[in-house]
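Residue numbers (UniProt numbering): 1 to 417. One structure is given here, and the rest of the page talks about it.
Structural data, given as structure tokens:
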């Protein structure tokens, strides 16, 4: 189940970044501004914000299978719509395809911690959550690597259209295959609840559970609010970096589209290692607060290093610092989700991770626009320093979160009785 979820999450994330990773090629093909292509990536963040709560409510009422079906169906549909946009004047069609995929993303992002806690026992839960988030990261990685290779920067528009169509066809094929798999394989929940905490939730009658109240309770939880802002700052930086990476690298190293993609790949791959390690580490030690803080401080360090090495003129240095940055910045994603689930038990994980994501999307849009404008006016170093300052703020705020681990408490209380 986790693997299947990861793979269509992968496909969706690939469609998110496939424009940003070859920004300059699409700018020329459609004859639009770089900012317009950035919006293709930001459309994902925009649709997420209003649609999160209805979808999270559906997840509670109708369960995992329905959400998985809708998510993978929209994902495939969006991929097919994009095939209709292979002429330079058909930019709006591409936008439509991207918006459909962004709807699919709403159905995908809130699921990892929910799948993990419904299907896995209390010892594997963080690891399972990391694997589920993992798919999304892998998709971003593929999205950095594949487009620059499939779509070389050629002058002739006809040739370009041909290359782009190959990319879109492959995406559509994969998305459709995955949809069919979800229909056949994906089940609601295992026959027996895997952990005590989950058994308690399943035994609770539905009418006790009001959705709005749950959100209000979360918003009154100071620790959770702090986590929500710090998570948003960190992930927002990651989104802005991913979207603007192609522009940053090509600014300093003209003609290096493929390497720009590889640097993106490095960021994400090292991040996946980071995410897996942090998940396993949490299952072993249960030190949520300490781990989160350390990872945050390291993200800040990585960002500063990246900022000052980008313009040195040595690509390999950029690879090293980008890798370090990714290891901690992406490694932070599952940490945030799990820490939130701990702070907010017995509320639904869908709600807590949804609020985290909303905050990430809002900051992501703000940072992408802000950093993009700063880069246009004052150069890339200023743009990256802009992100550093916010990561610093986030580090300070993380230090103030109290580790009030309610889910561990519930599992412990059960072991004693």
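Here a beta-carbon is modelled for each residue, glycine too, at the ideal position from N, C-alpha and C. Because the structure is a prediction, the values reported are computed rather than measured.
Between the segment 6-22 and the segment 92-110 there are three or more C-beta pairs closer than 8 Å, enough to call the two in contact. Taken through DSSP and simplified to helix, strand or coil, residue 303 comes out as helix. Residue 415: member of the alpha helix (DSSP H) spanning 406-416, first to last residue.
As the crow flies, the alpha-carbon of residue 83 is around 46 Å from that of residue 223. Going by beta carbons, residue 250 and residue 24 fall inside the 8 Å limit.
Around residue 268, the same chain offers 137, 140, 141, 144, 326, 330 as residues with beta carbons nearer than 7 Å, after the five sequence neighbours per side are excluded. Collapsing the DSSP output to three states places residue 400 in coil. In this structure, residue 363 lies near residue 236, with their beta-carbon atoms less than 8 Å apart. Of the residues 178, 388, 181, the one whose Cα lies closest to the Cα of residue 305 is 388.
Residue environment: residue 6 is assigned as buried (16 or more neighbouring CB atoms within 10 Å of its CB, all protein chains considered). If you draw a straight line from the Cα of residue 258 to the Cα of residue 154, it comes to about 13 Å. Inter-residue distance for residue 227 and residue 367 is about 18 Å (C-alpha atoms, whole angstroms). Looking at 178, 150, 181, the one whose alpha-carbon comes closest to that of residue 167 is 150.
With a cut-off of 8 Å on Cβ pairs, the segment 293-300 is in contact with the segment 392-404, counting three or more such pairs.
In the displayed model, residue 65 falls within a helix according to three-state DSSP. Note on geometry: alpha-carbon atoms of residue 220 and residue 253 lie some 48 Å from one another. Between the alpha carbons of residue 46 and residue 415 lies a gap of roughly 44 Å.
By the 16-neighbour rule on beta-carbons within 10 angstroms, residue 361 is buried. DSSP, read as helix, strand or coil, puts residue 213 in helix. The count of Cβ pairs closer than 8 Å, one atom from the segment 174-185 and one from the segment 285-295, stays below three, leaving the stretches out of contact.
Residue 342 carries a helical assignment under DSSP once its states are collapsed to helix, strand and coil. Non-local C-beta neighbours of residue 48 in its own chain, meaning closer than 8 Å and more than five positions away in sequence, comprise 102, 105, 106, 109, 357, 358, 361, ordered along the chain. Judged by DSSP in its simplified three-state form, residue 287 adopts coil rather than helix or strand. DSSP places residue 232 in the uninterrupted alpha helix (DSSP H) bounded by 222-252.
DSSP, reduced to helix, strand and coil, places residue 84 within a helical segment of the structure shown. Of the residues 413, 88, 32, 182, the one whose Cα lies closest to the Cα of residue 67 is 182. Scanning its chain for C-beta atoms nearer than 8 Å, with the 5 sequence neighbours on each side dropped, one finds around residue 215 the residues 53, 351, 355, in chain order. Of the candidates 158, 262, 96, 57, the residue whose Cα lies closest to the Cα of residue 348 is 57. Assignment of residue 255 by DSSP, reduced to helix, strand and coil, places it in the coil class. DSSP places residue 163 within a helical segment (H, G or I) once states are collapsed to three. Your pair residue 26 and residue 37 checks out as a contact, with CB atoms roughly 5 Å apart and the cut at 8 Å.
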